[in-house]
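*Asks:* In our numbering, the protein residues as written are 1468 to 2033. Even for Gly, the Cβ is constructed at its ideal location relative to N, Cα and C.
(1) Rank 1543, 1544, 1944 by C-alpha distance to the C-alpha of residue 1852 and give the top, closest one.
(2) Are the beta-carbon atoms belonging to residue 1957 and residue 1924 less than 9 Å from one another?
(3) For residue 1626, which of helix, strand or coil comes out of DSSP?
(4) Judging by CA-CA distance, which residue of 1617, 1813, 1731 is the nearest neighbour of residue 1705?
(5) Please report the Cβ distance between residue 1680 and residue 1626, rounded to the nearest whole angstrom; I am assuming they are in contact, meaning their Cβ atoms lie under 8 Å.
(6) Give me whichever residues DSSP pairs with residue 1697 in a beta bridge.
(7) Indicate the three-state DSSP secondary structure (helix, strand or coil) for residue 1651 in the structure shown.
(8) Considering only residues of the same chain and omitting the five flanking positions on each side of residue 1986, which have a CB-CB separation below 7 Å?
(9) Whole angstroms is fine: what's the gap from residue 1494's alpha carbon to residue 1556's?
(10) Roughly how far, in whole angstroms, is the beta-carbon of residue 1559 from the beta-carbon of residue 1572, given that I think they are within contact range, below 8 Å?
(11) Alpha carbon to alpha carbon, what distance is there between residue 1758 and residue 1752?
(12) For residue 1845, does the three-state DSSP call read helix, strand or coil?
(13) Jot down the residue ranges of each uninterrupted alpha helix (DSSP H) in the segment 1661–1732, minimum 4 residues, whole runs only, in chain order.
(14) Who pairs with residue 2061 in a beta bridge, going by DSSP?
(15) Starting from residue 1755 and walking both ways along the beta strand (DSSP E), at which residues does that stretch end?
(16) With a CB to CB cut of under 7 Å and the five nearest residues on each side skipped, what residues in its chain are close to residue 1583?
(17) Is it the case that the Cβ atoms of residue 1882 and residue 1910 are separated by a distance below 9 Å?
(18) Which class does residue 1536 belong to by DSSP, given the choice of helix, strand or coil?
(19) Quick one: Cα of residue 1605 to Cα of residue 1630, how far?
(20) I'd like to know if the segment 1831–1838 and the segment 1712–1720 are in contact, where contact means that at least 3 CB-CB pairs between them fall below 8 Å.
(21) Does the beta-carbon of residue 1580 have 16 or more other beta-carbons within 10 angstroms, so that it is buried, or is it exposed?
(22) Between which residues of its own chain and residue 1993 is the CB-CB distance below 8 Å, once the five residues before and five after are set aside?
(23) Taking a contact to mean a Cβ-Cβ separation below 9 Å, would you say residue 1772 touches residue 1804 in this structure?
(24) Looking at the unbroken alpha helix (DSSP H) that takes in residue 1909, where does it start and where does it end?
(25) Looking only at C-alpha atoms, which of 1734, 1644, 1700 sits nearest to residue 1832?
(26) Grab me the residues of residue 1739's own chain with a C-beta within less than 6 Å of its C-beta, minus the 5 sequence neighbours each way, in chain order.
(27) Need the endpoints of the beta strand (DSSP E) that residue 1790 sits in, please.
(28) Less than 9 Å between the C-beta atoms of residue 1684 and residue 1471, yes or no?
(29) When DSSP builds the beta bridges, which residues end up paired with residue 1592?
(30) Does DSSP put residue 1601 in a helix, in a strand, or in coil?
(31) Could you tell me which residues DSSP pairs with residue 1472 in its beta bridges?
(32) According to DSSP, is residue 1967 helix, strand or coil?
(33) Which ranges does the beta strand (DSSP E) cover as unbroken runs of at least 3 residues, wholly within the segment 1928–1993, from first to last along the chain?
(34) When DSSP labels each residue in this structure, what does residue 1750 get in the three-state scheme?
(35) If I follow the unbroken alpha helix (DSSP H) through residue 1580, where does it start and stop?
(36) Output yes or no for whether 9 Å exceeds the beta carbon distance between residue 1722 and residue 1780.
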């Protein structure tokens, strides 16, 4: 989609959802808070999404839906998340459960999954077990061949969103007792089919787990008591379950950015509502230098997160084979940057962020809810491990990659960064579990002056990786985990550079920056210690002015400034 098309689609969804501050709206803050307080699923809000055709976003076009371009899902998910993260995450879990079917499922499974989603029926992906957490290869749920043409499923999946209320569940199970990379498969459980086969009593829902955030969500699980499942329920080839899951998570990790961006947008908006109407020490609060500094810092972090997430979503259609690394970068960077936005908003609101009282009661809820995003689809440590495991290959291949496909990389990044150009659809069949040295986001930035912040940072980073290799460090060592954090900052800064090269749209924050301001922003993104470089350029005051203008105009913060429902 182009920027204009996204603006139109987003404005239409906003209008139909209504203002989150409307007390009568089933998708508003008050309804979300009530569901949270009573730990009750927001059924009315869910039904509203179904009525709006929201779940078409999760179904491929050949099956009657709209799932093809990640930037659309990023934006639409963000608009729902800014109202209620519990609702947005529960809906997103449906896509997570369906992705393995889209990637590897049979035609019959694809048609059944599409029918369920288009009918508004919830689904889930069941990966985790209480004893093993994110160690998927340690899972003990077994699906062993029993009667002719059937598996017998035993064990329990734990801490699964939509496990009880959902109509389908895609389950990762051990199909080889020895386990190993080819010892797991995926099974699609359709509760209606189980009921028709007299097997539903062997699917035993586990009690709802009480959580700190998204209290209204159905976080539960299921125990399988010798559940007989037909071979036709197999998703993909036997023994390829882990491979399909790894490719699934590349898409879902990227789209998790929508949850964090939505929460950060609402938090900053609440803080601006407060500081622009409050007086302190005889002055308007917004006039105090310390307040303006916090607004600027929050704004810059939000724009960084927005630029990275949007670029990677658009780039997924260009180089899906590199999403194994880029998705982990997004999952590490965006929630962390958005948490800083939320923290600054909390500081600006003072005691009010903590109160469960209107008009800012939704802030304490989103603070609790947003903290969860770092945990699912791979925790921060899991994603550091994903990146650390590929750093040596990325650095070793840099020279040859630039020599053999530099022009292709530059063209891909140019298309991805040019928001007025159509976005390439994502080809799920081209996802790979390794980028195999492909690093187009950095390799496309050739011809930079030697003193350019990113050129200096890439050269220094590559040298540190080579030194770590020479010292015998392994990807699981602390050295490589620290290098993974450095790589995340590098890619985030490169995203800002690519967006600038792609001609930031008129009226956007990046379009108004001078070269000095842009370089200062890059230095700040590359190193937390470079904050003084930002202070010296006046970038903070420009960020404040831009943010206050966008807020007053009622537009979403970022490169796709959707007109928000009043």
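*Replies:* The short version:
(1) 1944
(2) yes
(3) Residue state, collapsed to three classes: strand.
(4) 1617
(5) In fact, because the Cβ distance is near 13 Å, the residues do not count as touching under 8 Å.
(6) 1617
(7) strand
(8) 1920
(9) 14 Å
(10) In fact, because the Cβ distance is near 19 Å, the residues do not count as touching under 8 Å.
(11) 7 Å
(12) In the structure shown, residue 1845 sits in coil (DSSP, three-state: anything other than H, G, I, E or B).
(13) If you keep only unbroken alpha helix (DSSP H) runs of at least 4 residues inside the segment 1661–1732, you get 1708–1722.
(14) Here the chain covers residues 1468 to 2033 and nothing more, so residue 2061 does not appear.
(15) Where residue 1755 is concerned, there is no enclosing beta strand (DSSP E), given that its DSSP letter is neither H nor E.
(16) 1590, 1634, 1635
(17) No; because the gap between Cβ atoms is not below 9 Å, this pair is not in contact.
(18) coil
(19) Those two C-alpha atoms are separated by around 21 Å.
(20) Using a C-beta cut-off of 8 Å, the segment 1831–1838 makes no contact with the segment 1712–1720, since fewer than three inter-stretch Cβ pairs fall below that distance.
(21) By the neighbour-count rule (16 or more Cβ atoms within 10 Å), residue 1580 is buried.
(22) 1920, 1921, 1924, 1956, 1957, 1960
(23) Judged by their CB atoms, residue 1772 and residue 1804 are nearer to each other than the 9 Å cut-off.
(24) 1907–1910
(25) 1734
(26) 2018
(27) Premise fails: residue 1790 lies in the alpha helix (DSSP H), 1790–1816, not in any beta strand (DSSP E).
(28) no
(29) Looking at the DSSP assignment, residue 1592 forms a beta bridge with 1637.
(30) Three-state result, residue 1601: coil.
(31) DSSP, once it has assigned bridges, lists no residue as partnering residue 1472.
(32) The three-state secondary structure of residue 1967, taken from DSSP, is helix.
(33) The qualifying runs do not exist here; there are none.
(34) Strand at residue 1750.
(35) 1574–1585
(36) yes
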